[in-house]
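Peer 1:
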Amino acid sequence: MKVREDIRDLQRRLGITTVIVTHDQDEALSISDRIAVMNDGRIEQFSTPQELYDRPATEYVANFIGSLNRIEGGYSDGLVTPGNEVVGIRPEDVSFSKTQSAGSHAATVELVVPRGHFYEVYLKRADVSLRAFISDDVPKVGDTGFAKVSKALVYKDGKLVRTA
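Under the numbering used here, the residues of the sequence shown are numbered 378 to 541, in order.
(1) Using the rule of at least 16 other Cβ atoms within 10 Å of the residue's Cβ for burial, across every protein chain shown, is residue 423 buried or exposed?
(2) Tell me the residue span of the alpha helix (DSSP H) that contains residue 441.
(3) Just curious, the beta strand (DSSP E) that residue 381 is in, first and last residue?
(4) Find the nearest neighbour of residue 395 within the set 379, 413 and 499, judged by alpha-carbon distance.
(5) Classify residue 528: buried if its beta carbon has 16 or more other beta carbons within 10 angstroms, exposed otherwise.
(6) Would a C-beta distance cut-off of 9 Å place residue 385 and residue 420 closer than the cut-off?
(7) Could you have a look at residue 445 and say whether DSSP puts it in helix, strand or coil?
(8) Using CA atoms only, rank isn't needed, just tell me which of 397, 404, 442 and 516 is closest to residue 379.
(9) What's the call for residue 390, buried or exposed, on a 16-neighbour Cβ count within 10 Å?
(10) Do the CB positions of residue 500 and residue 457 come within less than 9 Å of each other?
(11) Near residue 484, what residues of its chain come up, given a Cβ to Cβ distance below 7 Å and the 5 sequence neighbours on each side ignored?
(12) Return the bridge partner residues of residue 509 from the DSSP annotation.
(13) Based on Cα-Cα distance, which residue from 465, 507 and 441 lies nearest to residue 401?
(14) Report, in whole angstroms, the separation of the C-beta atoms of residue 450 and residue 486, which I expect to be a contact under 8 Å.
(15) Could you check which residue in 536, 469, 382 and 533 has the C-alpha nearest to that of residue 507?
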């Protein structure tokens with residue numbers, strides 16, 4: 378981690394352009410102003426770290442940068458529906474509560490995995506399984522409640538068509 382900070386400090390202090398090749402997405406996200414995600418020798422997306430994470434232009438980039446629930450179908454009102462798209466949902470965009478709220482849907486906790494500063498919670502919602510990253514009010518296996526998706530990425534033929 379110290380090396381990353383030192384590289385970033387040198388870049389800023391000297392005002393130099395640096396090209397770094399890495400397969401470590403954490404490293405790329407933490408020291409870059411712009412990132413080029415390559416796939417089979419071609420650029421899939423060239424953008425800021427935040428844009429790559431929040432609005433990955435292709436399904437490949439979405440899977441490469443960060444964690445993703447990948448579900449085949451459509452997406453409407455917080456639910457995966459039958460369809461010919463691919464829905465990508467980041468685990469941090471999934472919440473779980475004992476009480477129902479607008480846009481939440483019944484779910485059951487299947488597995489809870491401690492990850493240090495958060496828990497990876499596996500939820501079953503109708504016929505869809507979702508992973509959620511939860512740090513507060515961690516449920517137990519078998520708990521029933523309501524899952525809510527705050528943001529979804531919808532892809533058609535591998536390209537981002539909308540966020541919902």
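Ideal Cβ positions, reconstructed from N, Cα and C, are used throughout, including at glycine.
Peer 2: Result, derived from the coordinates:
(1) In the sequence shown, residue 423 corresponds to position 46, counting from 1. For residue 423, the number of other beta carbons within 10 angstroms of its own is below 16, and it is reported as exposed.
(2) Mapped onto the sequence shown, residue 441 falls at position 64. Where residue 441 is concerned, the enclosing alpha helix (DSSP H) stretches over 436-441.
(3) In the sequence shown, the residue the question calls residue 381 occupies position 4. Note, residue 381: premise wrong, no beta strand (DSSP E); alpha helix (DSSP H) at 379-391.
(4) In the sequence shown, the residue the question calls residue 395 occupies position 18. Selection 379, 413 and 499 evaluated against residue 395 yields 413 as nearest (Cα-Cα).
(5) If you number the sequence shown from 1, residue 528 lands on position 151. The residue in question, residue 528, is exposed, as its Cβ has fewer than 16 Cβ neighbours within 10 Å.
(6) Residue mapping note: residue 385 aligns to position 8 of the sequence shown, counting from 1. Residue mapping note: residue 420 aligns to position 43 of the sequence shown, counting from 1. Going by C-beta atoms, residue 385 is not nearer than 9 Å to residue 420.
(7) Translated into positions along the sequence shown, residue 445 becomes position 68. Here DSSP, grouped into helix, strand and coil, assigns residue 445 to coil.
(8) Here residue 379 corresponds to residue number 2 of the sequence shown, with the count starting at 1. Ranking 397, 404, 442 and 516 by Cα distance to residue 379 puts 404 first.
(9) For the purposes of this step, residue 390 is taken as residue 13 along the sequence shown, with counting starting at 1. That one is exposed.
(10) Residue numbering aside, residue 500 sits at position 123 when the sequence shown is read from its first letter. Residue numbering aside, residue 457 sits at position 80 when the sequence shown is read from its first letter. No. Outside cutoff.
(11) For the purposes of this step, residue 484 is identified with residue 107 of the sequence shown, where counting begins at 1. If the five residues before and after residue 484 are omitted, its C-beta is found closer than 7 Å to the C-beta atoms of 473, 500, 501, 502, 522, 523 and 524, all from its own chain and listed in chain order.
(12) Residue numbering aside, residue 509 sits at position 132 when the sequence shown is read from its first letter. The partner list for residue 509 (beta bridge, DSSP) reads 498.
(13) As a working mapping, residue 401 is identified with position 24 in the sequence shown. Minimum Cα-Cα distance from residue 401 among the listed residues 465, 507 and 441 corresponds to 441.
(14) Within the sequence shown, residue 450 is the residue found at index 73, counting from 1. Within the sequence shown, residue 486 is the residue found at index 109, counting from 1. The distance from the Cβ of residue 450 to that of residue 486 is about 22 Å, inconsistent with a contact at the 8 Å cut-off.
(15) Taking the sequence shown and counting its residues from 1, the one referred to as residue 507 is at position 130. Check the Cα spacing between residue 507 and each of 536, 469, 382 and 533: the tightest is with 469.
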